[in-house]
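Working notes for the structure below.
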Amino acid sequence: MNKLELQKKAVAVRKDIVTAVHSAKAGHPGGSLSAADIFTYLYFEEMHIDPANPKWEDRDRFVLSKGHTAPGLYSALAERGYFPVEQLKTLRHIGSILQGHPDMKHIPGVDMSSGSLGQGLSAAVGMALAAKMKGKNYRTYCLCGDGEIQEGQIWEAAMFAGARKLDNLLVIVDNNNLQIDGSVAEVCSPYPIADKFEAFNFHVIEINGNDFDEIHQAFEKAKATKGMPTAIIAHTVKGKGVSFMEDQVGWHGKAPNDEEYEQAMQELEKAGEALC
Amino acid sequence: MLGDKIATRDSYGNALVELGKEHDNLIVLDADLAAATKTGIFKKAFPDRHIDCGIAECNMAGIAAGMSTAGYVPFMSSFAMFAAGRAFEQIRNSIGYPHLNVKIGATHAGISVGEDGATHQCNEDIALMRAIPGMTVINPCDDVEARAAVKAAFDYNGPCYLRFGRLAVPVLNDEETYHFELGKGVELRDGKDITIIATGLCVSESMEAAKLLAADGIEAQVINIHTIKPIDEEIIVAAAKKTGRIFTVEEHSIIGGLGSAVAEVLIEQSPTKMSRIGVRDTFGESGPAKDLLHKYGLDAEGIYNQIKVQL
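Sequence lines, in order, name chains A and B. According to the numbering used here, the residues represented by the first sequence are 1 to 276, in order. According to the numbering used here, the residues represented by the second sequence are 277 to 587, in order.
And the structure:
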């Protein structure tokens with residue numbers, strides 16, 4: 001996809017996120033919206049996948065380590081054709097496959113169950129190591145939150161990935177600066193994030209994670225990097241695309257009411273029209 | 277050989293090598309304890325399929341989960357304390373919830389760890405692991421059973437917790453005739469007066485205790501429960517109906533282990549007077565394994581005494 005097509009698709013993904021969370025009356029719009037461009041790029045440009053064959057052995061893998069932003073992943077999957085977009089409205093409803101956090105057993109396209117923070121990167125490392133041992137060419141992508149990296153297990157996994165030179169692994173940190181209790185810097189600062197990953201023998205790239213040009217360049221550099229894993233520190237805006245949610249900690253884990261939903265959808269509609 | 281003394285952790289290492297010869301997709305993960313867990317035996321035979329994760333058990337559990345999604349059958353190995361204990365939530369959420377085909381080989385379970393003391397003596401692992409939906413929990417009693425259990429765990433598609441010990445224990449089962457069936461209890465001794473239901477290294481001690489009881493005119497039926505979950509309800513209920521008096525014996529806390537599992541079956545299906553013999557809501561301590569088993573009443577003499585007091 002070209003940049004304009006990606007931008008349009010990202011608007012669709014953002015609408016899906018807001019719609020799903022509104023329908024669920026619960027969920028995490030802030031971190032889903034901040035990473036919407038990354039989800040879009042992964043599923044519409046980067047990854048070698050086949051929605052008709054979600055378990056294809058040679059597919060690229062994606063692990064959403066910050067599993068609470070499932071609405072973002074589900075929206076990208078639905079837009080890509082893994083299941084009907086209409087089904088997103090069943091998010092978090094009883095009996096729905098669309099659990100509050102990713103469930104690999106029931107949702108087509110979900111490569112790993114996740115949601116308990118800090119655990120997804122280890123699974124992604126296992127997938128990347130398996131590819132190395134089997135001589136497979138698939139790549140593994142893992143999206144972490146900037147609050148999530150306060151979990152010690154992230155650094156256990158990073159140490160292992162660096163030590164094993166897993167250059168088929170790409171870690172993306174959605175650095176939107178906010179977590180439930182406030183700014184990440186105030187709660188328990190993970191900064192400097194880039195230096196930390198470098199110290200764990202990663203190739204580190206810092207980008208604006210809401211800019212497709214920068215996302216594209218970084219992903220290409222990551223693929224060209226051999227002998228070490230890459231970490232992209234994606235500077236993003238939490239709640240990106242919905243004015244009243246942007247950079248607001250209160251929208252980490254709250255659903256919009258009917259009025260807020262209408263406003264959000266109108267804003268996204270306009271954003272979409274501006275791209276036409 | 278019958279009568280030999282072999283630690284089930286050795287059985288684990290040896291069984292991995294045997295299975296590894298037949299199955300290329302079997303891999304072993306360890307967390308800097310390969311010499312102690314005996315996965316070092318596998319490492320020597322198949323260095324490319326042994327992954328030392330360093331001292332990071334939670335990460336090891338996640339790596340095992342990820343590798344299983346790519347078709348490998350990982351055996352992640354550590355001491356029971358650091359596998360079931362430290363990595364509990366990783367095992368629950370990254371392995372149990374998606375029901376991944378990961379085997380957890382946990383050695384150094386119970387107080388028979390010995391000299392290392394309470395921090396390393398896990399008496400809670402059966403309770404933790406059997407509470408996870410869909411987790412199979414196996415606690416073999418000797419070398420023959422342990423090696424068979426590793427093979428059965430490999431053949432079973434799903435998460436499985438295997439509990440092994442550090443202490444060399446007598447070989448009770450005859451390899452020529454032994455058959456391991458997941459989820460099936462085994463009657464090792466017939467008796468009409470009481471039933472002793474035991475697991476792990478307490479099985480051989482219970483067999484010895486039964487001899488002491490027989491000298492007093494008490495005929496004890498002895499049942500070996502190697503699979504704590506799914507537990508063999510049929511054999512437990514039948515024993516309760518037959519003797520009407522149940523004793524459970526385990527090298528584990530009386531809270532949440534075999535005793536609890538048996539009580540859960542009986543209270544719903546055939547309420548029967550029963551007593552739990554095990555570690556009584558306390559931490560262990562340093563000392564030679566044999567001395568500890570004696571002090572905590574889990575050797576033949578201790579089991580015999582605790583049964584006699586209650587009859």
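In this text, a Cβ means the ideal position worked out from N, Cα and C, and glycines have one as well. As the structure is a prediction and not an experimental result, all values here were calculated from the model.
Any C-beta of chain B under 7 Å from that of residue i
i: Asp122 (chain A); result: Note on identity: in this sequence residue 122 (chain A) is Ser, with Asp being the wrong assignment. So yes, Ser122 (chain A) belongs to the interface.
i: Lys55 (chain A); result: no
i: Gln150 (chain A); result: no
i: Met1 (chain A); result: no
i: Gln119 (chain A); result: yes
i: Gly30 (chain A); result: no
i: Gln153 (chain A); result: yes
i: Gly126 (chain A); result: yes
i: Glu156 (chain A); result: yes
i: Lys8 (chain A); result: no
i: Lys196 (chain A); result: no
i: Ala130 (chain A); result: yes
i: Ser96 (chain A); result: no
i: Ser116 (chain A); result: yes
Reference residue i; option with closest CA among the options
i: Val110 (chain A); options: B:Gly342, B:Leu404, B:Asp419; result: B:Gly342
i: Asp50 (chain A); options: A:Phe160, A:Asn257, A:Pro108; result: A:Pro108
i: Tyr141 (chain A); options: A:Gly250, A:Tyr82, A:Ala222, A:His106; result: A:Ala222
i: Ile172 (chain A); options: A:Ile233, A:Arg139, A:Ser113, A:Asn208; result: A:Ile233
i: Glu46 (chain A); options: A:Lys3, A:Gln87, A:Ala194; result: A:Lys3
i: Cys144 (chain A); options: A:Leu64, A:Asn137, A:Trp251; result: A:Leu64
i: Val538 (chain B); options: B:Ile501, B:Ala337, B:Leu574, B:Pro435; result: B:Ile501
i: Ala312 (chain B); options: B:Gln586, B:Ser353, B:Val293, B:Gly338; result: B:Ser353
i: Met483 (chain B); options: B:Asp300, B:Lys518, B:Leu574, B:Lys460; result: B:Leu574
i: Leu458 (chain B); options: B:Asn433, B:Val555, B:Ser562; result: B:Asn433
i: Lys517 (chain B); options: B:Gly467, B:Ser562, B:Leu477; result: B:Gly467
i: Met336 (chain B); options: B:Asn301, B:Asn581, B:Lys379; result: B:Lys379
i: Leu302 (chain B); options: B:Glu540, B:Glu333, B:Val293, B:Leu309; result: B:Val293
i: Leu170 (chain A); options: A:Thr225, A:Met133, A:Val187; result: A:Thr225
i: Phe456 (chain B); options: B:Thr412, B:Thr503, B:Ala576; result: B:Thr503
Cutoff 7 Å: residue i Cβ touching any chain A Cβ
i: Ser562 (chain B); result: no
i: Asn369 (chain B); result: yes
i: Cys334 (chain B); result: yes
i: Pro342 (chain B); result: Going by the sequence as given, residue 342 (chain B) is Gly instead of Pro. So, interface residue.
i: Pro374 (chain B); result: yes
i: Tyr348 (chain B); result: yes
i: Ile339 (chain B); result: yes
i: Gln586 (chain B); result: no
i: Gln366 (chain B); result: yes
Cβ-based neighbour list, residue i, same chain, cut-off 6 Å, excluding 5 preceding and 5 following
i: Phe440 (chain B); result: Thr284, Arg285, Tyr288, Thr383
i: Ala291 (chain B); result: Arg423, Val426
i: Val479 (chain B); result: Cys417, Asn500
i: Leu77 (chain A); result: Gly109
i: Ala486 (chain B); result: Arg465, Ala496, Val498
i: Leu178 (chain A); result: Lys238, Val249
i: Leu568 (chain B); result: Ile387
i: Thr471 (chain B); result: Gln497, Ala515, Thr519, Ile522
i: Lys9 (chain A); result: Thr40, Phe44
i: Ala407 (chain B); result: none
i: Glu463 (chain B); result: Ile499
i: Gln586 (chain B); result: Ser551
Cut-off 7 Å between Cβ atoms - residues of its own chain near residue i, not counting five sequence neighbours on either side
i: Val447 (chain B); result: Met277, Leu278, Gly279, Asp280, Ile282, Asp418, Asp419, Val420
i: Gly115 (chain A); result: Gly67, His68, His101, Pro102
i: Ala279 (chain A); result: With chain A covering only 1 through 276, there is no way to say anything about residue 279 (chain A).
Spatial neighbours of residue i in its chain, beta-carbon cut-off 8 Å, leaving aside the 5 residues before and after
i: His299 (chain B); result: Val349, Phe430
i: Glu267 (chain A); result: Gly241, Val242, Ser243
Residue-chain proximity (residue i, chain D), Cβ-Cβ < 7 Å
i: Glu262 (chain A); result: The structure shown contains no chain D; its protein chains are A and B.
In chain order, which continuous runs of the alpha helix (DSSP H) of length 4 or greater are located wholly inside the stretch 482-567 of chain B? 509-519, 534-545
Are at least three pairs of beta-carbons, each pair with one atom in the stretch 515-535 of chain B and one in the stretch 543-551 of chain B, less than 8 Å apart? Judged by Cβ distances under 8 Å, the stretch 515-535 of chain B makes contact with the stretch 543-551 of chain B, as three or more pairs qualify.
How do the stretch 112-126 of chain A and the stretch 144-157 of chain A stand: do at least 3 beta-carbon pairs fall below 8 Å, yes or no? yes
For the stretch 214-266 of chain A, list the beta strand (DSSP E) runs that are entirely contained and at least 3 residues long, ordered along the chain. 230-235
Decide yes or no for the touch test of the stretch 18-26 of chain A against the stretch 248-262 of chain A: beta carbon pairs closer than 8 Å, at least 3 of them. yes
Below 8 Å, how does it come out for the stretch 257-273 of chain A and the stretch 202-213 of chain A: are there three or more Cβ pairs, yes or no? Three or more Cβ pairs closer than 8 Å define a contact, and the stretch 257-273 of chain A falls short of that threshold against the stretch 202-213 of chain A.
Within 8 Å, do at least three Cβ pairs link the stretch 505-513 of chain B to the stretch 485-495 of chain B? Contact between the stretch 485-495 of chain B and the stretch 505-513 of chain B is not established, with fewer than three Cβ pairs separated by less than 8 Å.
Between the stretch 366-379 of chain B and the stretch 393-401 of chain B, do at least 3 Cβ pairs fall closer than 8 Å? no
Length-filtered (4 minimum) alpha helix (DSSP H) runs lying within the stretch 296-360 of chain B: 310-313, 315-321, 333-344
Counting pairs of Cβ atoms below 8 Å between the stretch 155-167 of chain A and the stretch 233-253 of chain A, do you hit three or more? no
Runs of 4 residues minimum, wholly inside the stretch 15-47 of chain A: which ones carry the alpha helix (DSSP H) assignment? Counting whole runs of 4 or more residues, the stretch 15-47 of chain A contains the alpha helix (DSSP H) stretches 29-34, 36-41.
Can you check the stretch 162-219 of chain A for any beta strand (DSSP E) of at least 3 residues that lies completely inside it and give the ranges in chain order? Runs of the beta strand (DSSP E) spanning 3 or more residues and lying entirely within the stretch 162-219 of chain A occur at 169-175, 203-208, in chain order.
Runs of 3 residues minimum, wholly inside the stretch 48-90 of chain A: which ones carry the beta strand (DSSP E) assignment? The DSSP assignment places complete beta strand (DSSP E) segments of no fewer than 3 residues inside the stretch 48-90 of chain A at 61-64, in order along the chain.
Using 8 Å as the threshold, is the stretch 180-199 of chain A in touch with the stretch 131-141 of chain A, meaning 3 or more CB pairs across them? Verdict: no, contact absent.
Is it the case that the stretch 301-316 of chain B contacts the stretch 88-102 of chain A, given that we only count it when at least three CB pairs across the two stretches are under 8 Å? no
Every unbroken beta strand (DSSP E) within the stretch 370-408 of chain B, with a cutoff of 3 residues, ordered by chain: 379-383
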